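The listed protein sequences correspond, in order, to chains G and Z.
Here this note's numbering is used: position 336 in the first sequence is 862, and no number is missing along the way.
Here this note's numbering is used: position 94 in the second sequence is 81, and no number is missing along the way.
Backbone N, C-alpha and C fix where the C-beta goes; we use that ideal spot for every residue, glycine too.
Owing to the predicted nature of the structure, the values given are computational and were not obtained by experimental measurement.
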Amino acid sequence: MEEHKTAQSFTVPIGPQHPALKEPSHFRITVDGEIVKDAYVRLGYAHRGIEKATESRTWTQNLYMLERICGICSHIHGMTYCLAVERLAQVQVSARAQAIRVLFAELERIHSHMLWFGVTAHEAGFDTLFMYSWRDRETVMDILEELSGNRVNYSANILGGVKFDVDESRVESILDGINFLEERTHYYLEVVSTDALFLQRTHEIGTMNRREAEVLGTVGPTARASGVNRDIRIEAPYAAYDQFPIQITLDDSGDLKARVLVRLRELFESYRVIRQILKNLPSGDLTVRMPRRIQQGETVLRVEAPRGELFYFIRSNGSDTPDRIKVRTPTICNMMSVIKLAVGHQLADVPMILAGIDPCFSCNDRMVMINQSNKTSHRWRWEELRQHGINYYQQRTA
Amino acid sequence: MNDTEKTLKTASQLLEQWMWMTEVTRPEPNRLDARLKTSDDLIPIVAGLRVIRLGYLCAITGLDPGLESGELEVLYHFCVGEAVITLRLNVPRQDGCLPSLCEIIPSAEVFERELQEMFGIRIEGLRNPSRLYLPDDWPEDVFPLRKDFDQDKLRSYVTLGDC
């Protein structure tokens, strides 16, 4: 990457501290006046070595680690891993468990989209909308907490099924929450398509046509907002999506406004599917028995995470630990579009363009070394960190 | 399933007949694996898949079959609908090298840069071959996703105060 230092252009380093979302990534943006001429991204600040770490843990332990790849879409990682391992082990999971997995996945999508919607509103300087959407998001967080006991990292999956059942007494309160959210989503749709100031920040900003979206390899709502007809839930239905089909949400205009609209409209599909699942929840056991060792083989599993297509490749060598788990998250596919889209725009539009793909850096980066060092003289190793954790909790309980 | 079958049939025709050296297998109902004999076949085959608009590059997976084989394996996954077409290539562990797909598929860049730093397979023709995930001071010859990666050896590279 060459840096331009001519009389006209100037390079602005942004980050690694929260360029848009509160997550680390470093951007170097070359500007001529206010116009972006070139952009460069440096990732890896939240890379935790999860792919490598899976090789030294058992199949069960890995479930809990992979769920922690992302704090927002934790369920989708756990579910994809379980579906893939169950496929490798040739274990058939009950229809009820699969439906509950989809239920959690769609609730997670609502919470993820609402969170993103708030961040985007905040980036646009529309803090009232940000607070509204985050307040309303609490509704879906409460539903998730009621179902699983947790707001994030619900840990609903286990190999061979799910942990939590949906009993009759809870259905009503979930439906109440969904009704409220649906009403609010209609209101948001109206706001984002009529508010002049918000439109100023989104209308015809960061426009990407269908061809560009395909060439840049974008996935998920970012691609669908440019008219790319691709949703893994429809193309390759997994879990219970064949019983509870989804209708695709598309928009052809390809700008930031379209990305907002696609995500909001997608929520209606989620509400519809959640109602359908609650009404027609199949019966069956929650779990089936899984072998401790998974037979030799390889499998590929693709799912539609809130941010787009998530890809897992798992290879087993017949032992109780996987030989290789490859995770390709949606943000890495969308990230390159930011770099290309930013060029030609105002520097001031960069945060919005970045927020427009709903970036998730911890999805992106999965590795950083165990050696923690700081500027003074003390450096922690994994063992020391572990010891610190133990000591800390001992002192707290003492 | 019919669409998937049709797609996989088209792909296997392309791969088997056009490139007579490739071996084609069906590990799962929705998957087709083609083992390429040399990396010279990679660009023509990918171009062929692009010409008939068969799928998009979904991911590139690196595999390490172990030290004794002396090789690494690279998997290019192309997806269309439910179907996954995988091109598999073996690359020598020492000085392994692959051509970049960026000329045909620009979005391959990030996957190739990840493969390059994690497995130590040099990708020729990358516009920006710099590090994607690993820190700037990561040692040149340590590749974390290889099976012989040694954490203790890595520690010996890092000394106090060079952060």
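Per DSSP, the unbroken beta strand (DSSP E) holding PHE837(G) starts and ends at 834 to 842.
Using a Cβ distance threshold of 7 Å, TYR767(G) and THR606(G) do not count as a contacting pair. Distance from ILE820(G) to ALA615(G) at the Cβ level is roughly 5 Å; contact confirmed, criterion being Cβ atoms closer than 8 Å. Against chain Z, the CB of VAL741(G) has a partner CB under 7 Å away; the residue lies at that interface. Distance from the CA of PRO86(Z) to the CA of GLY112(Z), rounded to the nearest whole angstrom, comes to 7 Å. The C-alpha of PHE98(Z) lies about 41 Å from the C-alpha of GLY810(G). Residue contact with chain G for SER143(Z): absent (no Cβ-Cβ distance below 7 Å to any residue of chain G).
Unbroken alpha helix (DSSP H) stretches of 4 residues or longer found wholly inside the stretch 598 to 638 of chain G: 600 to 615, given in chain order.
With distances taken between CA atoms, VAL562(G) lies nearest to PHE536(G) out of PHE536(G), ILE883(G), GLY570(G). Residue contact with chain Z for HIS573(G): present (Cβ-Cβ distance below 7 Å to some residue of chain Z).
Using a Cβ distance threshold of 7 Å, ALA765(G) and VAL628(G) count as a contacting pair. Taking ALA647(G) as the centre and dropping the five residues before and after it, the same chain places the C-beta of LEU655, PHE656 closer than 6 Å to its C-beta, in chain order. The three-state reading of DSSP puts GLN872(G) in strand, counting E and B together.
In the three-state scheme derived from DSSP, where H, G and I count as helix and E and B as strand, CYS596(G) is classed as coil.
When DSSP states are grouped into helix, strand and coil, GLY743(G) belongs to the coil group. Chain order gives the chain Z residues near GLU824(G) as PRO14, where near means a beta carbon separation below 7 Å. Under DSSP, ILE555(G) forms a beta bridge with VAL538(G), ALA565(G). In the DSSP assignment, ASN77(Z) is bridged to GLU60(Z).
Against GLY68(Z), the close residues of chain G are GLU761, ALA762, in the order they occur along the chain (beta-carbon pairs closer than 8 Å). GLU10(Z) is the residue among GLU10(Z), VAL33(Z), ARG18(Z) whose C-alpha sits nearest the C-alpha of LYS24(Z).
Take ALA874(G), set aside five residues on each side of it, and the residues of its chain with a beta-carbon closer than 8 Å to its own are GLU560, in chain order. The continuous beta strand (DSSP E) containing VAL11(Z) extends over residues 10 to 12. GLY686(G) sits close to VAL814(G), with the two beta carbons spaced by under 7 Å. One alpha carbon belongs to ARG850(G), the other to GLY107(Z), and they sit about 17 Å apart. In the DSSP assignment, THR665(G) falls within the unbroken alpha helix (DSSP H) covering 653 to 674.
Between the stretch 746 to 754 of chain G and the stretch 691 to 703 of chain G, the count of Cβ pairs shorter than 8 Å is below three; the stretches do not touch. The way I'd put it, the stretch 730 to 743 of chain G doesn't touch the stretch 787 to 801 of chain G; fewer than three beta-carbon pairs between them come closer than 8 Å. Interface annotation, ALA46(Z): in contact with chain G, CB-CB separation under 7 Å. In this structure, GLY57(Z) is the residue among ASP123(Z), ASN77(Z), GLY57(Z) with its C-alpha nearest to the C-alpha of LYS134(Z). Counting the other Cβ atoms within 10 Å of the Cβ of GLU709(G) gives fewer than 16, which makes it exposed.
The beta carbon of GLY53(Z) lies closer than 8 Å to those of LYS134 in the same chain, with the five residues before and after it left out.
Listed along the chain, the chain G residues whose CB falls inside 7 Å of the CB of SER56(Z) amount to none; the nearest CB is some 13 Å away. The Cβ-Cβ distance between ARG37(Z) and ILE91(Z) falls below 7 Å.
Around the beta carbon of PRO126(Z), fewer than 16 other beta carbons lie within 10 angstroms, which makes this residue exposed. Annotation for PRO539(G): ARG554 place their beta carbon closer than 6 Å to its own, counting only its chain and skipping 5 residues before and after. Closest option to SER779(G), judged by alpha-carbon separation, among PRO848(G), ILE731(G), ASP668(G), PRO856(G): ILE731(G).
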